[in-house]
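First up is the structure itself, then whatever we jot down about it.
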Amino acid sequence: MRCMNDKKDKEKDKEQDKENKEQEYLENWKRERASFLNYKKQEAERVSELMKFANQGLILDILDILDNIYIAEKKLPKDLEKNEWVKGILNIKNQILEFLKNQRVEQIDCLKKDFDPNFHESVEMAESDSKSGTIIKEFKKGYILNSKVIRPARVKIAK
Amino acid sequence: MAKILGIDLGTTFSATAIIENGEPKIIENKEGARTTPSVVALTKNQERLVGVTAKRQQITNPQNTISSIKRLVGRRFSDKEVQNDKKLLPYELKEANDGGIEVKMGDKWHKPAEISAMILQKLKQDAEEKIGEKITQAVITCPAYFDDSQRKATKIAGEIAGLDVKMVLNEPTAAALTYGLTKTKGQQILVYDFGGGTFDVSILDVTKDPDTVEVIGVGGDTHLGGDDFDQKIMNWIIEEFKKDQGIDLSKDQLALQRIKESAEKAKIELSTTLETEINIPFVTSDSSGPKHLFLKLSRAQFQNLVKEYIEKSIKLVQETLKTAKLKPKDIEEIVLVGGQTRTPAIQEAVKNLFGKEGNKSINPDEVVAMGAAIQAGIMGGDAKEVLLLDATPLSLGIETLGSVNTVLIAKNTIYPVNKTQIFSTAAESQTSVEVHVLQGERPMASDNKTLGRFILDGIPSAPRGVPQIEVSFDIDSNGILNVSAKDKATGKSQSIRIEGSIGMSKDEIEKMKKEAQIHEQDDKKKKELIEAKNLADNLIYSWEKTNKDAGDKIDENLKKQVQEKIDELKKVKDKDNIEEIKSKTNDLSQIIQKAGADLYKKTSEQKPKEEKKDAKDAEEGEYKEKK
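Right, here's the structure in full:
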């Protein structure tokens, strides 16, 4: 009788083991499936984020060219300011600015504002009538793309 | 389970990574960058800045901006290195009561570990924000030459930042871990780490057990880095301009800034191009008007400029090898770390010394943080949770018309996997097909390994291309391949089970891959020839069929012309001149199109008959005729 019971118990244990294993496998499979679906979701998010900033490198390169146009404009001799040919060349600058606007690139406004390292990079400090820490000169314009600073404005601040 | 953060706490930059779905992943900081400057500052308003914001005000607030703190962590004030660095650092340092160091930021004196803690705190917070989980544990890396006191200080920095530091891991070991190099017992690995400001060489020995790594040699120069390369280019630009225009730009801050940016850009560009332009319009002006800077810098010139630094690094590698009593040939693997190793001349110099390429496929700025994350994953048990799945080492396919190997499962596919494709017959009234299962990368069937063959017969007699035979490849989790073929019309099927096919020996796999590489060009030509022949065959066949079905409606003269072109094509078809086959096929195709147009014209003139539905859904690839 006891022997029979032992056998029955063993069979019951075996059955239980099998059931546990089945549960474990099913659970693992579900987990793997879920993690794959989550991964797919994350990838989709990553791709959309990537798309938002996919042009960043190209825009930064164009900004370097635009900087030079600004410098050229600044150095323009007075007697050439009214020259139609020069005006035409400078209109190319407006074309680039329009292009940047369409790409959702915004310029950082900084003159006379308080220095904020989130948007500005200070490269010089000088005595001034302005309040200490105020931006008194802009060396290089800063830009924001889709609410992210892609290039800080390079500025001079009041001591 | 809570995530353990992997942190590369660098001298100039830091990075963090985490294990996600079994893979290390770099975490972007709040500003959206993959690396964070290791800089801390205190503003006039007593606001503490860490990372890029601290760096952005460094020039105008040098005394309260702490950079390169790693050079001071865990050191004694009297250390020779500290005394040297003291002259170069813009902020104040003093000896602490215990003989250590304190640095001044604002009105307060801080221990270097506290400053490191501020960096770690930002890295921790940004990572928490990004992954949306609280982080309490970390693995932090440090150079292999760090002594006990420096390691302890690194650990303390972590603790101050609220992290339970599970391990202070050697940077070279982390890099080797990322490349999976610590699995082979007895392997010697050299890690060549050329960063922005420091150069480190470490030799690792994977001792008795895999994953047990011992550092058997360290060397380097704490003041040799990529910044020296930039400075060299800057000096060259200034010199060239002086030679050309007689104007010294080295005193003009604004011009210097523009030159610095151009130098950095030129260096990066020369990693991929052979020549770059340095173009700075309106760089300065004199009484004669504005001056522009325009120079061309070739990769060879650049390499010449920085030769001394590269040679110095190689000398340091040789010295480190000598101290470890090793020769270059004793090193099995080389790992390249640090942004400067993107310079082709460095990769070349390392290759020349060791006679083999260094591992460089992973971003050299991120490889250490990724290794820290892998170590964190091992410690956190993440690695155990991941179900290890294998990938097919070689492609699997079947032989199709013209003895071509048509791949169904490409190499490196993770299994279990199932792929199905529909094929058809290659001959008229073909009632059986042979499925010849192949393994390998070569396009011609005979150049690959035969895994098995079987025949599916009983296919109802039909014109070629009409029967639809579904071929399915299934690899189960044990790597057992099951290939089955089923005639969709009758439902008749046949299959073969191939065991042990996936698990080939490493040598065998490498041999086959190498052969595929060697024969790539020849194979491509052979395949193109077969394809051209198949195309010619198909064209002739389709004409013969059309002629049989509706030949009476086509102009006799056109038919004669087609036949002439067919005869010409048949003459060259079985030779191996691909150009001739293509040209004759093209001739035939043009005249057939004319005949086709004629046929349509005549048919539409007559009463339109009910169109016969053509069952041509089958794939392009057809079976070769069973012999």
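Which chain is which? The protein sequence lines are A and B, in order.
First residue of the first sequence: 0, per numbering that gives the first Met the number 0; consecutive thereafter.
First residue of the second sequence: 0, per numbering that gives the first Met the number 0; consecutive thereafter.
Think of the CB as a built atom: it goes at the ideal place given N, C-alpha and C, for glycine as much as any other residue.
Exercise. Leaving out the 5 sequence neighbours to the left and right, which residues in its chain are closer than 6 angstroms to B/A515 when beta-carbon positions are compared?
Worked result: Excluding residues within five positions, the ones whose Cβ falls inside 6 angstroms are E440, R441.
Exercise. Span of the alpha helix (DSSP H) holding B/M443?
Worked result: Annotation for B/M443: no alpha helix (DSSP H) segment contains it, and DSSP assigns it neither H nor E.
For this session: With 9 angstroms as the C-beta to C-beta threshold (strictly closer), list the residues of the segment 465–484 of chain B near chain A in chain order.
Result: Those residues of the segment 465–484 of chain B that come within reach of chain A (Cβ to Cβ, closer than 9 angstroms) do not exist; the list is empty.
Problem set entry | Cβ-based neighbour list, A/I58, same chain, cut-off 8 angstroms, excluding 5 preceding and 5 following | For A/I58, where only same-chain residues beyond five positions count, the Cβ hits under 8 angstroms are L99, Q102, V104, Y142, L144, I149.
Exercise. For a contact meaning CB atoms closer than 8 angstroms, what does A/G141 contact in chain D?
Worked result: No chain D appears in this structure, whose protein chains are A and B.
For this session: Helix, strand or coil for B/K510, going by three-state DSSP, please let me know.
Result: Correct three-state label for B/K510: helix.
Exercise. Looking at the C-beta of A/S146, does it have a partner C-beta in chain B at a distance below 8 angstroms?
Worked result: No, its Cβ sits nowhere closer than 8 angstroms to a Cβ of chain B.
Exercise. What residues match up with B/F12 in a beta bridge as DSSP calls it?
Worked result: In the DSSP output, where bridge partners are listed per residue, B/F12 has B/P36.
Exercise. Straight-line CA distance for B/A254 to B/I118?
Worked result: Straight-line Cα distance between these residues: approximately 33 angstroms.
Exercise. Measuring CA to CA, which of B/R463, B/S77, B/D199, B/K487 is closest to B/A95?
Worked result: That would be B/S77, whose Cα lies nearest to the Cα of B/A95.
Problem set entry | Interface residues of chain B facing A/I70 [CB-CB closer than 8 angstroms] | Here the neighbours are P280, F281.
For this session: Count the other CB atoms, across all protein chains shown, that sit within 10 Å of the CB of A/R153; report buried if there are 16 or more and exposed otherwise.
Result: Burial state of A/R153 is buried, judged by a 10 Å Cβ sphere holding 16 or more other Cβ atoms.
Exercise. From the beta carbon of A/K129, is the nearest beta carbon of chain B less than 8 angstroms away?
Worked result: Reading off the sequence shown, one finds Ser at residue 129 of chain A, where the question assumed Lys. Interface annotation, A/S129: not in contact with chain B, CB-CB separation never under 8 angstroms.
Exercise. So who's on the other strand from B/W108, going by DSSP bridges?
Worked result: Per DSSP, B/K103.
For this session: Compute the Euclidean distance between the alpha carbons of B/A461 and B/D551, then round it to the nearest angstrom.
Result: For B/A461 and B/D551, the distance between alpha carbons rounds to 24 angstroms.
Problem set entry | Contacting positions in the segment 14–46 of chain B - beta carbon closer than 7 angstroms to chain A | Of all residues in the segment 14–46 of chain B, N20, G31, K43 have a Cβ within less than 7 angstroms of some Cβ in chain A.
For this session: Check the Cβ of B/P289 against every Cβ in chain A and list those closer than 8 angstroms, keeping chain order.
Result: Here the neighbours are K74.
Exercise. Hey, how far is the Cα of B/S286 from the Cα of B/I246?
Worked result: B/S286 and B/I246 have their C-alpha atoms spaced approximately 12 angstroms apart.
For this session: List the whole-angstrom C-beta distance separating B/A276 from B/K290, where the pair is believed to meet the contact cut-off of C-beta under 8 angstroms.
Result: What sits at residue 276 of chain B in the sequence shown is Glu, not Ala. With 8 angstroms as the limit, B/E276 and B/K290 do not qualify as a contact, their Cβ atoms being about 17 angstroms apart.
Problem set entry | Continuous beta strand (DSSP E) stretch holding A/K136: start and end | Under the DSSP assignment, A/K136 falls in the beta strand (DSSP E) whose first and last residues are 134–139.
Exercise. Among B/I580, B/I539, B/I553, B/D573, which residue has its Cα nearest to the Cα of B/I565?
Worked result: If we check each option's Cα against that of B/I565, B/I539 comes out closest.
Exercise. Since B/A549 is in the alpha helix (DSSP H), which residue starts that stretch and which ends it?
Worked result: Following the DSSP letters along the chain, one finds B/A549 inside the alpha helix (DSSP H) bounded by residues 519–549.
Exercise. Where does the unbroken beta strand (DSSP E) through B/P289 begin, and where does it stop?
Worked result: Secondary structure note for B/P289: its beta strand (DSSP E) is the uninterrupted segment 288–297.
Problem set entry | Whole-angstrom distance between B/S270 and B/D84, CA atom to CA atom | Rounded to whole angstroms, B/D84 to B/S270 spans 31 angstroms at the Cα level.
Exercise. What's the C-alpha gap between B/E158 and B/L437?
Worked result: Take the alpha-carbon of B/E158 and the one of B/L437: they are about 58 angstroms apart.
Problem set entry | Any C-beta of chain B under 8 angstroms from that of A/V46 | Judged by the 8 angstroms Cβ criterion, A/V46 is not in contact with chain B.
For this session: Decide if A/M50 is buried, meaning its Cβ has at least 16 other Cβ atoms within 10 Å, or exposed.
Result: Around the Cβ of A/M50, a 10 Å sphere holds fewer than 16 other Cβ atoms; the residue is exposed.
Problem set entry | Assigned exposure category for B/D616 - 16 Cβ within 10 Å defines buried | Because B/D616 carries a pLDDT of 45, less than 50, the predicted location of this residue cannot be relied on, and the following value inherits that uncertainty. With fewer than 16 other Cβ atoms within 10 Å, it is exposed.
Problem set entry | Interface flag, A/E120 vs chain B, CB-CB below 8 angstroms | Yes, A/E120 lies at the interface with chain B (some Cβ there is under 8 angstroms from its Cβ).
For this session: Could you work out which residue in B/Q149, B/T34, B/D204 is closest to B/K121 when comparing CA atoms only?
Result: Nearest of B/Q149, B/T34, B/D204 to B/K121, Cα basis: B/T34.
Problem set entry | Buried/exposed call for A/V161, threshold 16 Cβ in 10 Å | The structure shown does not extend to residue 161 of chain A, since chain A is modelled only from 0 through 158, so no value can be given for it.
For this session: Give me the Cα-Cα distance between B/E331 and B/Q187, rounded to the nearest whole angstrom.
Result: Rounded to the nearest whole angstrom, the C-alpha separation of B/E331 and B/Q187 is 6 angstroms.
Exercise. Can you tell me where the alpha helix (DSSP H) with B/N169 in it begins and where it stops?
Worked result: Going by DSSP, B/N169 is part of no alpha helix (DSSP H) but of the beta strand (DSSP E) stretching over 163–169.
Exercise. Three or more beta-carbon pairs under 8 angstroms between the segment 519–528 of chain B and the segment 406–422 of chain B, yes or no?
Worked result: No, they do not touch.
Exercise. What is the DSSP secondary structure of B/K558, counted as helix, strand or coil?
Worked result: The answer is helix: DSSP assigns B/K558 an H, G or I state.
For this session: Can you give me, in chain order, the residues of the segment 54–69 of chain A that have a beta carbon less than 7 angstroms from any beta carbon in chain B?
Result: Residues of the segment 54–69 of chain A with a Cβ closer than 7 angstroms to any Cβ of chain B, in chain order: N67.
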